[in-house]
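Residue 274 is where the sequence shown starts when you use my numbering, and the numbers rise one by one after that. Note that beta-carbon positions come from the ideal geometry of N, C-alpha and C, so glycine has one too. Just so it is clear, the structure is predicted and the values come from calculations on it, not from any experiment. Heads up: the structure comes next, in C-alpha cells.
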Amino acid sequence: MDPDPQACEAKRLELIAGIVSVADVVAWADDLITQSDTPGDQLIRLSLSGDSHPFDVVSLLREMSGGCDAIMAIRSLLGRMQGLLVEDPSRARGFARALYEVAHEHFPDLPDDLGWLCGIDEDFYLAEEGIWTHAQVVSAFMKFLEDSACTPRDLKTEDAP
C-alpha cells in the first residue's frame, strides 16, 4: 500500500522548498514501510532513492500524489514556511523561488488569494535592485503567509475527535 496522496504532495513541496532533504524523504518512506504489512511498489522505490537526484525524487512523489488537493498542500506548505521564517528570515528568498516554481506549475488553478506567488520572486529581485528594501519584501511575504497559510488546526474537520 502506498501512502496518502496528500502526504506525498506535502513531502514533494517541502523537498522543492528545501524544507526537507532527499534523506528526510527516504527516512519518511522507511517509517511508512515499517508500519505497513504490504508496502506498495512506489513506496519501496521512494525508500531506495537515497542516492537519487532531488528532481527524480520530486518526480516520484508527483506520481504518488495523484488525486490530492494541490491547493491545500500549497497552503500547508505556506504554514510550514511561516513558522520557519519566524525562526530564520534569511530563508525567505529561497522559499520565494520555490513558491514561484510551485505557483507556475499550478497557475491555472491558483485561487486569487494565492496569485502573488506568481510574482513573489520578482519582488525579491526589486529588493536586490534597491527599489524596495529586503526588509519590506520579507515583511510583505510574512503578511502574505499569515493571510494565506493553512495550519494543522485548519486541516481538522468538524468530524475529527
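(request) Mark Gly352 as exposed unless 16 or more other C-beta atoms lie within 10 angstroms of its C-beta, in which case mark it buried. (result) buried
(message) Can you look up Thr275 in the DSSP assignment and give me helix, strand or coil?
(response) The residue asked about is misnamed: residue 275 is Asp in this sequence, not Thr. Note: Asp275 maps to coil in three-state DSSP.
(request) State buried or exposed for Pro381, treating a residue as buried only when at least 16 other CB atoms are found within 10 Å of its CB. (result) exposed
(message) Tell me the residue span of the alpha helix (DSSP H) that contains Ser421.
(response) His407 to Ser421
(message) Looking only at its chain, what residues have a beta carbon closer than 7 Å to the beta carbon of Arg366, apart from the 5 residues adjacent to it on each side?
(response) Phe397
(request) Compute the distance between the beta-carbons of Leu333 and Ser320, then report whether it is under 8 Å. (result) no
(request) Confirm, please, whether the CB-CB distance from Ser421 to Arg348 is below 8 Å. (result) yes
(message) Just to confirm the assignment: which complete beta strand (DSSP E) runs, minimum length 3, are found wholly within the region 339-412?
(response) none
(message) Helix, strand or coil, according to DSSP, for Ser325 in the structure here?
(response) coil
(message) Can you give me the C-alpha to C-alpha distance between Phe328 and Met345, rounded to a whole angstrom?
(response) 22 Å
(request) Using a threshold of 8 Å, state whether the C-beta atoms of Ala290 and Phe414 are closer than that. (result) no
(request) Take Leu358 and list the residues in its own chain whose beta-carbon comes closer than 8 Å to its own, dropping the five residues that flank it on each side. (result) Arg364, Ala365, Phe368, Val411, Phe414, Met415 and Leu418
(request) Indicate the three-state DSSP secondary structure (helix, strand or coil) for Asp310 in the structure shown. (result) coil
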